[in-house]
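A short write-up of the structure that comes next.
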Amino acid sequence: MATVPQTIKESLLGSEHHPSLTAEIKKNFEKFASVTEPTSGEKLMTWENFIDAIAPPDQDFHKIKRDQYAILFHIADRRRQGVLNIQDWATFENLLAKPDAQYQIAFRLFDVEGNGSVKYDDFVKFYSRNRGPDSLPFDWNSEWAALYLGGKNSRHDLSYPQFSQMLRGLQSERVRQAFRQYDTNRSGYIKPEDFQRIILETSKHKLSDHLLDNLHTLSNISSGSKISYANVRAFQNVVREMDMIDLIVRNATSKSADGKITRTDFMNEAAKISRFNLFSPMEADILFHFAGLDDTSGKLSLTDFSRVLDSSWREPQVETHALAPAIGSLPTVTTVLQGQGFLGQALDAAFNFALGSIAGAFGATIVYPIDLVKTRMQTQRSKVVGELMYKNSIDCAKKVIRNEGFRGLYSGLGPQLIGVAPEKAIKLTVNDLVRSKAKGKDGEITLPWEIIAGASAGGCQVVFTNPLEIVKIRLQVQGEVAKNVEGVPRRSALWIVKNLGLVGLYKGASACLLRDVPFSAIYFPTYSHLKKDWFGESPTKKLGILQLLISGAIAGMPAAYLTTPCDVIKTRLQVEARKGQTHYRGLIHCASTIWREEGFKAFYKGGPARILRSSPQFGFTLAAYEVLQTLFPVHGGKTAESKSFTGGVQPAIKPLEAAAPLPYLRSRNALKLILDIDENFGRTKLPQTQEAWASIPGLAKAKQF
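In structure tokens form, the structure reads like this:
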């Protein structure tokens, strides 16, 4: 049975037994090995091949130079031959598979003799050889170093656990010593440019460009123009706990209605997730400071935080789908289109269109009985021609149910459901398009342009709505005719379309325009100003679903009632005249006939029903869309994208998930840990003479191949 020290040594050195050669290991080795040993014919891997294997050229190295990975060749070359055979490669791959691979690799780099311990002299010598000529100095005789390595007269070797723990705190000590160097008068403060140099030299390899470019702004979180040691320590803690911060931010933003969180939300979520790893107020301030440099509202999205948390962050190109803001009276939805291509964009648009259609159909179905009652009331002629069947809207609903059954309230629903998606889509798309073109340099739009935008939207939707409405109206009233006139058969929607023909489908289009243009001209500006002026919507304040429902309902009231006369005329023109009724020749003739035969009140028949239908329909549609987005999130998971019902746009980002070969990922993490010691590790230029090569462990025979 092996002793404990022997077991530890075997675990560290990996030289007591050969790892199993799996098919994957053999495949990787054969792929990159480019050298053949002359006598045995054995395939070998050079250090250039090794870099290709663990640092593929197609990967984004961003903060780490690719050639720095060559320093890991020393760990893989156990035999010190300057080349790797398949057993060497298999041992290295097995080392990478260990859960503490990064610490194992760093330990073996400094364990020059390979005996399972790091000597003080070897460590300092190897460190001095790899540090840059202009690197910040580090005192290995400091009190901190003595705690791990012993004082000048009592140096001791470091075991693997001791060495790993020392590395854990080394970067903080480097920053502390650098701070003392720049704080010459011992005031506890340094200049922003000094702080910037310290962080660039100690942490550049794992911080985002956004963070590095704005390091000097850390002084803005305090009243003075300098940076205190407390600021520096808090900043270090934020960097060290970025993985935890990422988890907290994702949890908190997923629970937020608009995908944004405040500093309070972050602290509350941190308290729920961690028992003891709480963040100090200064650390939270620093996080929100750097994440919110472009958004001073205090409410930040996952996108804002990712510019701080992701070292490879790139500003995404955000594009707005043309149809997204227009489906089923829906909000503007913006999607980050990175890596999706044209097909991905088309699928997203189709998905949003489908959800919008379902939501719009739901809203239309809920209020459809009211729409049918409204149509029946508007088509009813006055006592002059003996056509007064309904006393009021309630009486109409009762008689429809009694004479035609409950299903009678949904006569003609099919065409309505077919038309709701393109109607809402084109209406809101045109409105948003005109508004975007009419905005001034300050991003504001004047009231006249708001009215023009709404009117344009209403005019364009008639192309879709008029044919579908004329079919719907004739289906809605035929039940009433069939009940009171013998021998009149029920017709299908298809029969009505064929009977009307293309020209007939646009009968009453002028009246439809007369209704829809003012309706949208009233509705959109009213809705916009209710949100902004009444509920106080702004870039820093997002409205809740209840406030949006109220705004939509109230905006629909004047728009629906004031356009009722136009709707009455349109309905009269589109419904088929019965025997003995006046046949309207056009819009003016219809209006004058109604005025003469039925009086002014006839123009407001069905007005209350229009209010009861139009106002809640917008709210039901929004509520249905919100539920559908929760049940069927895009790409199968809840995205971080903010679905702004107020025109605000929050790009979506994907979870930070590395997609690269496992050897590369593990090697990258190991190299990041080594670069915590000094950013220049692995950058030392290799000498070109055979004697110089012989002075570097592991590369003595490299030039022979």
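Using the UniProt record's numbering, the first residue of the sequence shown is number 1, and each one after it goes up by one.
Built from N, CA and C at the ideal position, the CB exists for glycine as well.
Let me check one thing: in DSSP terms, what residues is residue i bridge-paired to?
i    : result
V118 : L158
S301 : K260
I190 : I227
T36  : K43
L84  : M45
Please determine, among the options, the residue with the shortest C-alpha to C-alpha distance to residue i.
i    : options                : result
A234 : L278, H205, L543       : L278
G454 : I473, D516, A106       : D516
S510 : L549, S528, A521, T465 : T465
T563 : L513, N268, G586       : L513
D88  : L211, F406, A76, L409  : A76
T365 : A55, P415, I198, G405  : P415
Q617 : S551, N220, G586, L673 : S551
S311 : F110, S203, E173       : S203
S528 : P518, Y506, I554, V503 : I554
I394 : A23, F681, I370        : I370
A609 : A591, V568, H583, F600 : V568
A252 : C460, Y182, I273, Y69  : I273
I199 : S40, S225, Q236, Y189  : Q236
S225 : D533, F163, E193, W534 : E193
L500 : I470, D246, H210       : I470
M557 : Q574, L587, I522       : I522
K31  : E37, K43, P38, T39     : K43
L113 : K27, E404, I25, R79    : Note on residue identity: the sequence assigns Glu, not Leu, to residue 113. Nearest C-alpha to E113: R79.
S34  : W47, T22, E24          : W47
A101 : L665, D678, I677       : L665
A493 : G459, A560, P565, S411 : S411
M242 : R307, I611, N231       : R307
G408 : K531, R186, T375       : T375
G458 : N130, P422, E597       : P422
K601 : G586, Y561, N220       : Y561
V238 : S456, S280, W534       : S280
F138 : S297, K98, E201        : E201
P565 : Q177, T379, L247, P99  : T379
A230 : R180, A257, A97        : R180
N141 : G116, S117, A97, R174  : R174
Give the range of the alpha helix (DSSP H) segment to which residue i is assigned.
i           : result
N499        : 493-505
D67         : From DSSP, D67 is part of no alpha helix (DSSP H); its letter is neither H nor E.
M244        : 242-255
R402        : 393-404
D285        : 281-291
F511        : With the sequence shown as reference, residue 511 is identified as Ala, and Phe is not the correct amino acid for it. Looking at the DSSP string, the run of the alpha helix (DSSP H) that includes A511 is 509-529.
P565        : 564-574
W144        : 143-149
D294        : Looking at the DSSP string, D294 is not in any alpha helix (DSSP H), and its letter there is neither H nor E.
residue 721 : Given a span of 1 to 705 for the chain in the structure shown, any question on residue 721 remains unanswerable.
Q380        : Where Q380 is concerned, there is no enclosing alpha helix (DSSP H), given that its DSSP letter is neither H nor E.
A106        : 101-110
W595        : 587-598
Inset, instruction - Evaluate the contact criterion for the stretch 297-311 versus the stretch 256-275: three or more CB pairs, one atom per stretch, below 8 Å. - result: yes
Legend entry - Validate contact between the stretch 68-85 and the stretch 669-685 using beta carbons, cut 8 Å, 3 pairs: yes
Inset, instruction - Report yes or no: do three or more beta-carbon pairs, one from the stretch 88-97 and one from the stretch 132-146, lie closer than 8 Å? - result: no
Legend entry - contact_flag[the stretch 204-221, the stretch 174-193] where n(CB pairs < 8 Å) is 3 or more: yes
Legend entry - Sufficient close CB pairs (3 or more, under 8 Å) joining the stretch 134-141 to the stretch 159-167: no
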